[in-house]
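Asks: Can you keep this structure in mind? I'll have questions shortly.
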Amino acid sequence: MSEELITPKEACKMLGVSASTLRRWAYQGVIRYVKLPSGKLRYYKSDIEKILRRKT
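Residues in the sequence shown are numbered consecutively from 369, following the numbering used here.
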């Protein structure tokens, strides 16, 4: 079973951060991402939810 992937826009909205912050976290290994053949990034929704749980 594959994990749900979300767009950068969706991830930014869920986390309340800018696109540059999201990219920085991805490149620092804070959040996992997948680079599609088109070059676009997608983020694991489960990682976003983990970050949100830690913030509360």
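Each residue gets a CB set at the ideal place from its N, CA and C atoms; glycine is no exception. Fair warning: this is a prediction, and the values are worked out from it, not measured in the lab.
I need the boundaries of the alpha helix (DSSP H) containing Leu390, first residue and last residue.
Replies: For the purposes of this step, residue 390 is taken as the residue at position 22 of the sequence shown. 387-396 is the span of the alpha helix (DSSP H), which, as asked, contains Leu390.
Asks: Is it buried or exposed for Ala387, if we count other Cβ within 10 angstroms and need 16 for buried?
Replies: Indexing the sequence shown from 1 puts residue 387 at position 19. It is exposed - the Cβ of Ala387 has fewer than 16 other Cβ atoms within 10 Å.
Asks: What residues are listed by DSSP as bridge partners for Ile374?
Replies: One-based indexing of the sequence shown puts residue 374 at position 6. DSSP, once it has assigned bridges, lists Tyr411 as partnering Ile374.
Asks: Between the beta-carbon of Ile399 and the beta-carbon of Tyr411, is there less than 8 Å?
Replies: The residue you call residue 399 lines up with position 31 of the sequence shown. The residue you call residue 411 lines up with position 43 of the sequence shown. Contact flag set, yes.
Asks: Rounded to the nearest angstrom, what separates Gly384 and Lys423 at their Cα positions?
Replies: For this step, residue 384 is matched to residue 16 along the sequence shown. For this step, residue 423 is matched to residue 55 along the sequence shown. Straight-line Cα distance between these residues: approximately 11 Å.
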